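Read through the structure below, which is laid out as structure tokens, and then see the notes.
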Amino acid sequence: MPELPEVETIRRGLEPLLTGRRVTGVEVRERRLRRRVAPAMLCRLRGAAVVGIRRRSKYLLLDTDAGLTLLVHLGMSGRLWVSDAARPARPHEHVVFTLDDGRTLRFADPRRFGLVEVVPSGRVAAHPLLRAIGLEPLGDEMSGGRLRAATRGRRKPVKNFLMDTRAVAGVGNIYACEALHRAGIHPRRAVGRMGPAAWDRLVAAVKAVLAEAIDAGGTTLRDYFNAAEEAGEFAVALRVYDREGEACRRCRGRIRRVVLAGRSTFYCPGCQR
DNA sequence: AAATGAACCTGTTTGC
DNA sequence: TGCAAACAGGTTCATT
Numbered sequence: 008m009p010e011l012p013e014v015e016t017i018r019r020g021l022e023p024l025l026t027g028r029r030v031t032g033v034e035v036r037e038r039r040l041r042r043r044v045a046p047a048m049l050c051r052l053r054g055a056a057v058v059g060i061r062r063r064s065k066y067l068l069l070d071t072d073a074g075l076t077l078l079v080h081l082g083m084s085g086r087l088w089v090s091d092a093a094r095p096a097r098p099h100e101h102v103v104f105t106l107d108d109g110r111t112l113r114f115a116d117p118r119r120f121g122l123v124e125v126v127p128s129g130r131v132a133a134h135p136l137l138r139a140i141g142l143e144p145l146g147d148e149m150s151g152g153r154l155r156a157a158t159r160g161r162r163k164p165v166k167n168f169l170m171d172t173r174a175v176a177g178v179g180n181i182y183a184c185e186a187l188h189r190a191g192i193h194p195r196r197a198v199g200r201m202g203p204a205a206w207d208r209l210v211a212a213v214k215a216v217l218a219e220a221i222d223a224g225g226t227t228l229r230d231y232f233n234a235a236e237e238a239g240e241f242a243v244a245l246r247v248y249d250r251e252g253e254a255c256r257r258c259r260g261r262i263r264r265v266v267l268a269g270r271s272t273f274y275c276p277g278c279q280r
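Under the working numbering, the residues of the first sequence are numbered 8 to 280, in order.
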């Protein structure tokens, strides 16, 4: 489901709802997520107050004054939102935190590819799931020059490179396709064969599409909803993703779908070389 | 070393 | 209509 813009939208929505709130209860209904949930560890959050919420790649990090951080990943179908305690449970609502204001923070995930875990705050950066994550595309650390230097001599298709979280954080299938279309680069282009100008265009396109998607509150195709259970509006702005056979908005050619590394890949043969 | 495919899951859509 | 296959926003492991 969610890529960087969706996770960031949830983060921004949760921040005012959770900051300063104390956890009064923890309920684990399903332990079988991507990693087995340890209820005893989650229960250590009881009594802790949320002091801030960070995002790293597609992970949400909820820091508390107990020196513990709640790590949440939404996988493909996960949701994380705040609602009144009296609201009936959704299907697949696996973890529920009760708050001191009568509301609840709930995690639901039909496919169970997501995860919920408590980590000592000091060890978040060194956590096995976060340690090897690559450059954050928002902010200044990611540049065309840096990506080009990292890929010299490699033949990996550029789309697969963008989606490799060890290289670039937070870019998934939708935004990889969208950024490549904006940059006019074919998804199969070998990273080692891209010149400085192409890398600069690509980095600019990644940053732009992510920023615009965040402004629109993310892309809702089916499952994604923000912290207040509202849909995102970016689906109408997609230029290639899920538009096979439709007209390219730029050249009027037909959008094509191919499979790369097992994932549907949408591009315009006229605009992308 | 690097790239692909399979696996982990359930729900929805598509095609015969 | 009904059933089966294909497919879905992610990540990780095994296999070429």
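Where is the CB? At the ideal position from N, CA and C, for every residue including glycine.
As the structure is a prediction and not an experimental result, all values here were calculated from the model.
Which residue wins for smallest C-alpha separation from residue i, given the options the options?
i, options, result
"residue 152", "278, 207, 128 and 21", "207"
"residue 33", "41, 257 and 107", "107"
"residue 127", "73, 105, 96 and 157", "73"
"residue 69", "119, 276, 15 and 179", "15"
"residue 182", "193, 174 and 170", "170"
"residue 124", "110, 102, 109 and 111", "102"
"residue 143", "179, 261 and 130", "179"
Tell me the residue span of the beta strand (DSSP E) that contains residue i.
i, result
"residue 13", "Where residue 13 is concerned, there is no enclosing beta strand (DSSP E), although the alpha helix (DSSP H) it sits in stretches over 11-25."
"residue 96", "Residue 96 -> no beta strand (DSSP E), and no H or E assigned at all."
"residue 4", "Because the chain spans 8 through 280 in this model, residue 4 falls outside it and cannot be assessed."
"residue 273", "270-274"
"residue 75", "75-80"
"residue 69", "66-71"
Under 7 Å between the Cβ atoms of residue i and residue j?
i, j, result
"residue 52", "residue 30", "yes"
"residue 64", "residue 176", "yes"
"residue 115", "residue 86", "yes"
"residue 221", "residue 12", "yes"
"residue 223", "residue 240", "yes"
"residue 234", "residue 21", "yes"
Over the uninterrupted alpha helix (DSSP H) stretch that includes residue i, give me the two end residues.
i, result
"residue 2", "Only positions 8 to 280 of the chain appear in this structure, which leaves residue 2 out of reach."
"residue 185", "180-190"
"residue 127", "No alpha helix (DSSP H) holds residue 127; the beta strand (DSSP E) holding it covers 122-127."
On the criterion of 16 or more Cβ atoms from any shown chain inside 10 Å, does residue i qualify as buried, or is it exposed?
i, result
"residue 210", "buried"
"residue 216", "buried"
"residue 189", "buried"
"residue 186", "buried"
"residue 113", "buried"
Practice item. Would you check if there are 3 or more beta carbon pairs closer than 8 Å linking the region 70-80 to the region 126-134? Key: yes
**Study point:** Cβ contact check for the region 12-29 and the region 43-59: 3 or more pairs under 8 Å
**Key:** yes
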